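Residue numbers (our numbering): 222 to 489.
First the structure, in the form of structure tokens, and then the observations on it.
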């Protein structure tokens, strides 16, 4: 990680194999070869949303929030139908969800809460570049107590949604950006978070191009904090119950995070 911040590889060349020195506790040194994956995954990219039944509970897999509003609304309607048909309890699996848009996070969280809840707040860095990038920021007033920043903007649901029963949310370091906002909103509505701390990337990036190299970087234009005022950027959302698979779990195909969440839902 310290020595490979970036590499330039010709488009017609094969990526080189990286080699890592290994110094285990038993003192027997070795080497690990890390080859780049150049073939697409079998079966193509999985859909952003999927749903499964596990006992009376519903398991909702949200792999991405980069979807159309209609797709999110349709999935929430399907969950509501299953609740009406007798399903009780919901597990929302956000592991590996790199985010998408805040609007989709709010749509999902609002559909799963009958009341208005606040999951945190954001304040926007009011640079000329940021205002130009997002029309909704152009008329934001500056906070006189924090020059250069907007006043706090609440991260909140609209209310009026269903009550699916107890909600467990699965998170890990792959949950980033609007995925972290969704986790905060669901927890504010009463959900319990299981797994590992999220990636700590609050989102709303402004794209900056570097003229000499032709590369580009994305820099967050707002500061997102949780209801306690703690920053999400660089810190992540900490689970209510830390659960992580061991190497033996992975080898055996076990998912202790999901199993613990389902047990909690059943007990509620």
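The beta-carbon is built from N, C-alpha and C at its ideal position, and this holds for glycine as well.
Predicted, not measured: the structure shown is a model, and the values here were computed from it.
Would you mind sorting residue 238 into buried or exposed? The rule is 16 or more other CB atoms within 10 Å of its CB. The residue you call residue 238 lines up with position 17 of the chain shown. Sixteen is the threshold: since fewer than 16 other Cβ atoms of the shown chains lie within 10 Å of the Cβ of residue 238, the residue is exposed.
Nearest residue (CA-CA) to residue 390, options 419, 344, 335: As a first step, residue 390 must be located in the chain shown, where it is residue number 169. Looking at the Cα atoms, 419 is the closest of the given residues.
Beta-carbon separation of residue 378 and residue 331 under 8 Å? Against the chain shown, residue 378 aligns to sequence position 157. Against the chain shown, residue 331 aligns to sequence position 110. Yes, the pair counts as a contact, with Cβ atoms nearer than the cut-off.
How many whole angstroms separate the CB atoms of residue 447 and residue 405, which I take to be in contact at a CB cut-off of 8 Å? Here residue 447 corresponds to residue number 226 of the chain shown, with the count starting at 1. Here residue 405 corresponds to residue number 184 of the chain shown, with the count starting at 1. About 6 Å separates the two Cβ atoms, so the contact holds.
As a quick exercise: from 256, 350, 393, 299, pick the residue whose alpha carbon is nearest that of residue 315. On the chain shown, residue 315 is found 94 positions in, with the first residue counted as 1. Per the C-alpha coordinates, the member of 256, 350, 393, 299 positioned closest to residue 315 is 393.
Those runs of the beta strand (DSSP E) which lie wholly inside the segment 353–379 and span at least 3 residues: If we require 3 residues or more, the beta strand (DSSP E) runs fully inside the segment 353–379 come out as 374–377.
Does the distance from the CB of residue 281 to the CB of residue 327 come in under 8 Å? Here residue 281 refers to the residue found at position 60 when the chain shown is read from its first residue. Here residue 327 refers to the residue found at position 106 when the chain shown is read from its first residue. In this structure, residue 327 does not lie closer than 8 Å to residue 281 by Cβ.
Given a cut-off of 8 Å on the beta-carbon distance, is the pair residue 371 and residue 344 in contact? Numbered from 1 along the chain shown, position 150 holds the residue referred to as residue 371. Numbered from 1 along the chain shown, position 123 holds the residue referred to as residue 344. Cβ atoms of residue 371 and residue 344: closer than 8 Å.
Rounded C-alpha distance that separates residue 454 from residue 430: By 1-based counting over the chain shown, the position of residue 454 is 233. By 1-based counting over the chain shown, the position of residue 430 is 209. Looking at the backbone, the Cα of residue 454 and that of residue 430 are separated by about 22 Å.
Cross-strand partners of residue 275 (DSSP beta bridge): Here the question's residue 275 lines up with position 54 in the chain shown. In DSSP, residue 275 forms a bridge with 278.
Are the CB atoms of residue 425 and residue 442 within a distance shorter than 8 Å? In the chain shown, residue 442 corresponds to position 221, counting from 1. In the chain shown, residue 425 corresponds to position 204, counting from 1. Against a cut-off of 8 Å, the Cβ pair of residue 425 and residue 442 comes out as a contact.
Using a Cβ-Cβ cutoff of less than 8 Å, which residues in the same chain neighbour residue 288 once the five nearest sequence positions on both sides are dropped? As a working mapping, residue 288 is identified with position 67 in the chain shown. Excluding positions up to five away in sequence, the list reads 269, 270, 321, 325.
Which same chain residues end up closer than 6 Å to residue 413 when comparing Cβ atoms and leaving out the 5 residues on each side of it in sequence? Working through the chain shown from its first residue, we reach residue 413 at position 192. Here the set comprises 389, 461.
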